[in-house]
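A short worksheet on the structure shown next.
Residue numbers (the UniProt record's numbering): 1 to 217.
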């Protein structure tokens, strides 16, 4: 007879339950992030520091590309591209469709609830948790697939830290063959963050593009 694993999480739904609890209990976090996109054999790398506060508030401050920012107070999302001096201003109350949304909006209490509703999920392999060759830590790897193919990310792999239940890495693919990976490090749980850190001030000469994410991922 096979020995039972030391943990009780022999089903992906147990892991998902713990992840949702983790994010629902979180008031805030701060972490370094790296995002890599691969499309048509071309890759692009971005990195910086991200902040999150309950209520869907996020700030991604990029040092590569320098000056870029993604900021949301939970109602409006701003995407600032420094080299174009352009701001995408997205009303988050407009687009409540089934789309998975931008990758960076998923690591919030609200974003994860939406993902686990809109995607089927299962373990990526029988052997769980898996030990990472990169950092030696154990991760549950969840394989997610969109319930309905309605644009955005069709599949995702989520790497869940087996001790903390924080999502350390996600790999997402859309129907056009574009793959986006986001990875977090140096995580700080529940730092004291001011609400003002999630306000975005548009420069006087910046070009504003309203609701760029409604029709396009």
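From the three backbone atoms N, C-alpha and C, an ideal C-beta is built for every residue, glycine too. Everything numeric in this text was worked out from a predicted model, so none of it was measured.
- prompt: When the distance is taken between beta carbons, is residue 149 closer than 8 Å to residue 159?
  reply: If you number the chain shown from 1, residue 159 lands on position 159. If you number the chain shown from 1, residue 149 lands on position 149. Cβ atoms of residue 159 and residue 149: not closer than 8 Å.
* Asked: Closest by CA to residue 137, which one among 162, 122, 146?
  -> Numbered from its first residue, the chain shown carries residue 137 at position 137. For the residues 162, 122, 146, the minimum Cα distance to residue 137 belongs to 162.
Smallest Cα separation from residue 187: which of 178, 175, 166?
Along the chain shown, one-based indexing puts residue 187 at 187. Measuring from the Cα of residue 187, the nearest candidate turns out to be 166.
Flag residue 81 as yes when its Cβ comes closer than 7 Å to any non-hydrogen atom of the ligand GDP, and as no otherwise. You won't find the ligand GDP in this model; it holds no ligand whatsoever.
Q) Is the beta carbon of residue 36 less than 8 Å from the beta carbon of residue 43? A) Stepping through the chain shown from its first residue, residue 36 is reached at position 36. Stepping through the chain shown from its first residue, residue 43 is reached at position 43. Residue 36 is a Cβ neighbour of residue 43, given a cutoff of 8 Å.
For the 8 Å Cβ check, are there 3 or more pairs between the region 78–90 and the region 196–211?
-> yes
Check: Nearest-angstrom Cα distance between residue 22 and residue 120?
Finding: Walking along the chain shown from the start, residue 22 turns up at place 22. Walking along the chain shown from the start, residue 120 turns up at place 120. So the two alpha carbons sit approximately 20 Å from each other.
* **residue 150 (DSSP reduced to helix, strand or coil)** => For this step, residue 150 is matched to residue 150 along the chain shown. Coil at residue 150, not helix or strand.
ask   = Just the Cα atoms here: how many angstroms apart are residue 202 and residue 122?
value = Position 202 of the chain shown, counting from 1, holds the residue named residue 202. Position 122 of the chain shown, counting from 1, holds the residue named residue 122. Distance between the alpha carbons of residue 202 and residue 122 is about 42 Å.
| Would you report the Cα separation of residue 181 and residue 133, rounded to the nearest angstrom? | Here the question's residue 181 lines up with position 181 in the chain shown. Here the question's residue 133 lines up with position 133 in the chain shown. Each residue's CA atom was taken as its position, placing residue 181 and residue 133 some 17 Å apart.
message: So, under 8 Å CB-CB, residue 152 and residue 174 are touching, yes? Tell me the CB distance rounded to an integer number of Å.
response: Residue numbering aside, residue 152 sits at position 152 when the chain shown is read from its first letter. Residue numbering aside, residue 174 sits at position 174 when the chain shown is read from its first letter. Between residue 174 and residue 152 the Cβ distance is about 7 Å, and since that is below 8 Å, they are a contact.
Practice task
Could you round the C-beta distance between residue 56 and residue 72 to whole angstroms and report it? I think they count as a contact, below 8 Å.
Solution key: For the purposes of this step, residue 56 is taken as the residue at position 56 of the chain shown. For the purposes of this step, residue 72 is taken as the residue at position 72 of the chain shown. Rounded, the Cβ-Cβ distance is 6 Å, consistent with contact.
Open item on the list: Using only CA atoms, which one of 53, 32, 19 lies nearest to residue 113?
Closed with: Counting from 1 along the chain shown, the entry for residue 113 is found at position 113. Per the Cα distances, 19.
inquiry  = Mapping the DSSP letters down to three states, classify residue 41 as helix, strand or coil.
reply    = Start at 1 with the first residue of the chain shown, and residue 41 comes out as number 41. Residue 41: coil per DSSP, three-state reduction.
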